[in-house]
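Undergrad:
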Amino acid sequence: MGFPAWVINNIPTLLRPLLLLSLSIYHFTLTVYETIFVEKQPKQLFDLRKLRFKSFARLWTHHGEEMSVEMPGPLTDLLSQCHGVVLDIGPGSGQILPRFDPKLITAMYGAEPAAELHPALLKNAKKFGFGDKYNNLLCGAEPESLIPALDKSGVLRQMNGRISEKSEGVFDEICCVRVLCGVPTPKETIRGLYNLLKPGGRMVICEHVVNPWRTEGRIAARAMQLFYTLLGWPFFMGGCELQRHTFDYLKEAAGEEGWASFNLQYIEPKTTVPFIVGELKKRS
Ligand SMILES: C[S@@+](CC[C@H](N)C(=O)[O-])C[C@H]1O[C@@H](n2cnc3c(N)ncnc32)[C@H](O)[C@@H]1O
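For what it's worth, the working numbering labels the leading residue of the sequence shown as 30, then goes sequentially.
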């Protein structure tokens, strides 16, 4: 067993996020150093949003692969069934692409706002057999960024670039894997994604969320989420928030009509980074 694996296996669970936080502070520091002294672009330091994306992209480029070896719960099984026209939100460098079956997919759209990750994303799309089916979009998941990018790509053609509460949607599947923790307006963004789903379409979810301490979680883990947030977790981790009520936002996204089925399970609910994993189906 190597040193990092030993540390991860032996450190108390509530302290494990400290390793990731330290790593992200290290990459942030190096990003600032490179921006000033290597790229000689000190002015870029004033665009904090861009700087944080760049620093997170650096962290992900170095460690994304090892952080994707084991994924929580039934995620691999759920992704392997994705078919038709698929939207992958925040695909990063494409670490989860090998879990899809490209033969079942007609077209795949990856909405990734970190430009630095696109070369690796395209490389992995090719490596894992997507060929021309893969369309990388330089945008975020929030409607004001995503809709124009989808429109430009041509996928909204049949609806003249407009998606409203009443439109039928264009995607058979929308995948959100380790991304909704970082979108700037989660409620509106998730509602926007719901509108983009076809009737009968499916959302595949794998997200870390606020600790469910009132039910199956643990109050100490909930307190540690607050502690890490105060230490600067969202700042150094590219906007990632530990205390998101994503479960509720997903449930509410279907409005009064409700989801045809809503199956999400908590994975490791007693930890500081508990996940919800599962699938949601829109009514036909
Ligand atoms: C933890 S990585 C996960 C990547 C990939 N989904 C996976 O699980 O391997 C989070 C990704 O979300 C992207 N991201 C950050 N803000 C976003 C936003 N507003 N919309 C879409 N993606 C975003 C980041 O650039 C990063 O690539």
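All C-beta atoms, glycine included, are put in the ideal place defined by N, C-alpha and C.
Source: prediction; values computed, not measured.
Let's test the definition: count the other Cβ atoms within 10 Å of the Cβ of residue 248 and tell me whether it reaches 16, buried, or not, exposed.
TA: By the neighbour-count rule (16 or more Cβ atoms within 10 Å), residue 248 is not buried but exposed.
Undergrad: Within 8 Å (strictly less), CB to CB, does residue 242 reach chain C?
TA: Protein chain content of the structure displayed is limited to a single chain, and chain C is not contained in it.
Undergrad: For residue 178, is the classification buried or exposed, using 16 other Cβ atoms within 10 angstroms of its Cβ as the cut-off for buried?
TA: It counts as buried.
Undergrad: Examine ligand 1 and report whether any of its heavy atoms sits within less than 7 Å of the Cβ of residue 78.
TA: Flag unset: Cβ of residue 78 not near ligand 1.
Undergrad: Tell me which residues share the same chain as residue 268 and place their Cβ nearer than 6 Å to its Cβ, disregarding the 5 neighbours each side in the sequence.
TA: Same-chain partners within the cutoff: 211.
Undergrad: Between 129, 59, 225 and 254, which has its C-alpha nearest residue 83's C-alpha?
TA: Of 129, 59, 225 and 254, the residue nearest in Cα terms is 59.
Undergrad: If you run the structure through DSSP and keep just helix, strand and coil, what is residue 251?
TA: Helix.
Undergrad: Report the rounded CA-to-CA distance for residue 97 versus residue 287, giving the unit in angstroms.
TA: Rounded to the nearest angstrom, the two C-alpha atoms are 32 Å apart.
Undergrad: If I'm right that residue 221 touches residue 310 with Cβ under 8 Å, what's the distance once you round it to whole angstroms?
TA: The Cβ separation is near 18 Å, so there is no contact.
Undergrad: Tell me whether residue 53 is buried or exposed, calling it buried when 16 or more other Cβ atoms sit within 10 Å of its Cβ.
TA: So residue 53 counts as buried.
Undergrad: Grouping DSSP H, G and I as helix and E and B as strand, with all else coil, what is residue 310?
TA: Strand, per DSSP.
Undergrad: Do residue 109 and residue 138 come within 8 Å of each other at the CB atom, strictly closer than that value?
TA: No; because the gap between Cβ atoms is not below 8 Å, this pair is not in contact.
Undergrad: For ligand 1, any of its heavy atoms closer than 7 Å to the Cβ of residue 146?
TA: Yes, Cβ of residue 146 sits closer than 7 Å to a heavy atom of ligand 1.
Undergrad: Leaving aside the five residues before and after residue 206 along the sequence, list all residues of the same chain whose C-beta is less than 6 Å from its C-beta, in chain order.
TA: Hits under 6 Å: 125 and 235.
Undergrad: If residue 57 sits next to residue 116, beta carbons under 8 Å apart, how far is it from one beta carbon to the other, in whole angstroms?
TA: The Cβ separation is near 30 Å, so there is no contact.
Undergrad: Helix, strand or coil, according to DSSP, for residue 71 in the structure here?
TA: Of the three classes helix, strand and coil, the one that applies to residue 71 here is helix, per DSSP.
Undergrad: Can you check which of these residues, 148, 213 and 130, is closest to residue 170 by C-alpha distance?
TA: Here the closest residue by C-alpha is 213.
Undergrad: Assuming residue 233 is part of the beta strand (DSSP E), what are its boundary residues?
TA: 226-237 is the span of the beta strand (DSSP E), which, as asked, contains residue 233.
Undergrad: Would you kindly check if the distance between the Cβ of residue 157 and the Cβ of residue 120 is under 8 Å?
TA: The answer is no: Cβ separation not under 8 Å.
Undergrad: Report the residue from 275, 175, 260 and 291 whose alpha carbon sits nearest the alpha carbon of residue 140.
TA: It is 175.
Undergrad: At a cut of 8 Å, does the region 57-77 reach the region 241-260 through at least three beta carbon pairs?
TA: Result no; under three Cβ-Cβ pairs closer than 8 Å.
Undergrad: Out of 62, 209, 142 and 285, state which residue places its alpha-carbon closest to the alpha-carbon of residue 304.
TA: Comparing Cα positions, the closest option is 209.
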